[in-house]
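Those protein sequence lines, which keep their order, are chains A and B.
Taking the numbering used here, the leading residue of the first sequence gets 1, the next gets one more, and so forth.
Taking the numbering used here, the leading residue of the second sequence gets 1, the next gets one more, and so forth.
Beta carbons: idealized from backbone N, C-alpha and C, even for Gly.
2 protein chains.
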Amino acid sequence: MSDANALEALIQALRRLPGVGVKSAQRMAFHLLQHDRPGAQTLSYALANAAQAIQHCERCHTFTEATVCATCLDERRDASKLCVVETPADQSALERTGAYKGLYFVLMGKLSPLDGVGPHDIGLKKLFDRALDGTVQEVILATNFTAEGEATAHVISEGLKARGLHLTRLARGVPVGSELEYVDLGTIAHALVDRR
Amino acid sequence: MSDANALEALIQALRRLPGVGVKSAQRMAFHLLQHDRPGAQTLSYALANAAQAIQHCERCHTFTEATVCATCLDERRDASKLCVVETPADQSALERTGAYKGLYFVLMGKLSPLDGVGPHDIGLKKLFDRALDGTVQEVILATNFTAEGEATAHVISEGLKARGLHLTRLARGVPVGSELEYVDLGTIAHALVDRR
């Protein structure tokens, strides 16, 4: 297949997607070319359009096509609460619960010293400015309950707690619908400590 | 994220890739937008270019940008041998062995009655015309050793054996480097029958 340069270029480009190796990229390329050329065109257009149109919201830093995203502009939301999440996917999970009506700040990452991601890389400065706008009274730390997420939450609370803001963290505990026998011990220990 | 239409469109488009669900598509979209916008542009261009430029070789049916692929045009190859494979990936595997110097016919699929893929869908007519061009003397059936691959090989050999062509199938047997203890019984049985 020495003359298949367009094919080779496509396979190499697909490999830039996270979690896609040579075999998957080959399978994707063959599938699109053999069975779904309209899909290839659609994906091509969606990629170009997204890369060109999508930027970060000026206020909450999430992906948006506007200067300020629809969530931040929504006046029915409680501007005194600011929920800090790692990614738009996390924000979307919180939104789907319907249990939160405040605003968000999306870090677009987490502190990860081992990968060289420091406070500057995830825009903590921008978060601090946003949290100290005078309207925000409570900052809810909803970073993940992983080592990096916990470290990120810790650094943020260290930075903010001297400024008179009410800082909270999502509750840790036993997941809904689970049986104690199968829950990991760390979770049970936390649920005991945080019992109410 | 109600205003994130370009993002939603990108996620939906990524889901058309085989093996990519909602979560993977979201992760891919976020990765490209957050960490690899040049990658998104590259992939966009590669997709559009491939979908536009790549067609099927007139002679062997593989993907190529030309009318006839480089392999078919290579005069040093033995035109009396025609190796039938399911996909360009299979062809590429055979090529990498360096053990075959004949020509190929790429089915771009396999017979699969359960999925509604019949002889017409994988271009058997085209294969028969190609095999009966007068130059081809041996047809090597190198479809996969799966149920569908075997059925495909069977149908091809039924269609061609009355026409005076020498029909062969890749040898079945114990893989190089394997220990009998760990080889499946079907393979050992075939290796016994086909012993030489």
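Contacts around residue i, its chain only, beta-carbon distance under 7 Å, and the 5 residues preceding and following it disregarded
i: K101(A); result: R77 and D78
i: A131(B); result: L82, V139, L160 and L165
i: L94(B); result: C83, V85, Y100 and A142
i: V183(B); result: V174
i: D194(A); result: A171, R172 and G173
Environment of residue i [buried if 16+ CB atoms lie within 10 Å]
i: D90(B); result: buried
i: E86(A); result: buried
i: I188(B); result: exposed
i: V106(A); result: buried
i: G116(B); result: exposed
i: S44(A); result: buried
i: G149(A); result: buried
i: A162(B); result: exposed
i: A46(A); result: buried
i: H35(B); result: exposed
i: T71(A); result: buried
i: T97(A); result: exposed
i: A147(B); result: exposed
i: L124(B); result: buried
i: V176(A); result: exposed
Nearest residue (CA-CA) to residue i, options the options
i: P113(A); options: E95(A), P175(A), T135(A) and V155(A); result: V155(A)
i: V136(B); options: L47(B), Q52(B), Y104(B) and T97(B); result: Y104(B)
i: R16(B); options: R16(A), K23(A), T42(A) and I11(A); result: T42(A)
i: Q55(B); options: S44(A), R37(A), C57(A) and V106(A); result: R37(A)
i: L170(B); options: A70(B), F145(B), H31(B) and A93(B); result: F145(B)
i: G39(B); options: T143(A), G116(A), A9(A) and S24(A); result: A9(A)
i: F30(A); options: P18(A), Q12(A) and L47(A); result: Q12(A)
i: L141(A); options: D133(A), G118(A), R172(A) and H120(A); result: R172(A)
i: V84(A); options: A99(A), S157(A), A50(A) and A162(A); result: S157(A)
i: T62(B); options: A53(B), N49(B) and P88(B); result: P88(B)
i: V22(A); options: S80(B), S92(B) and Q52(B); result: S92(B)
i: L167(B); options: V176(B), R196(B), D194(B) and S80(B); result: S80(B)
i: A25(A); options: S178(B), Q26(B), A25(B) and P18(B); result: P18(B)
i: T64(A); options: N5(B), R196(B) and G118(B); result: N5(B)
i: A66(B); options: E75(B), D74(B) and A53(B); result: A53(B)
Contacting residues, own chain, Cβ-Cβ under 8 Å from residue i (five flanking each side not counted)
i: V20(A); result: L14 and M28
i: I122(A); result: L107, M108, G109, K110, L111 and T152
i: D3(B); result: Bear in mind that the predicted position of D3(B) carries a pLDDT of just 45, short of 50, making it too unreliable to give a figure here.
i: H190(B); result: R172 and G173
i: G118(B); result: L111
i: L180(B); result: V174 and I188
Residues sharing a beta bridge with residue i, DSSP
i: D78(A); result: G102(A)
i: F63(B); result: H56(B)
i: C83(A); result: Y104(A) and I140(A)
i: S112(B); result: V117(B)
i: T168(B); result: I140(B)
6 Å Cβ shell around residue i - same chain, five flanking residues per side excluded
i: V68(A); result: C57, E58 and R59
i: L127(A); result: F105
i: H120(A); result: none
i: S178(A); result: none
Report the residues of the region 81–93 of chain B with a CB closer than 9 Å to any CB of chain A, ordered along the chain.
T87, P88, A89, Q91 and S92
Of the residues that make up the region 42–65 of chain A, which ones have a beta carbon closer than 8 Å to any beta carbon in chain B?
T42, L43, S44, Y45, A46, L47, A48, N49, A50, A51, A53, I54, T62, F63, T64 and E65
Can you pull out the residues from the region 30–41 of chain A whose beta carbon lies closer than 8 Å to at least one beta carbon of chain B?
F30, H31, L32, L33, Q34, D36, R37, G39, A40 and Q41
Against chain B: residues of the region 102–123 of chain A by CB proximity under 9 Å
M108 and G109
Where the region 11–22 of chain B meets chain A: residues whose CB sits under 9 Å from a CB there:
I11, Q12, A13, L14, R16, L17, P18, G19 and V20
What are the residues in the region 128–160 of chain B lying within 9 Å of chain A by C-beta distance?
none
Interface residues of the region 162–185 of chain A facing chain B [CB-CB below 7 Å]
none
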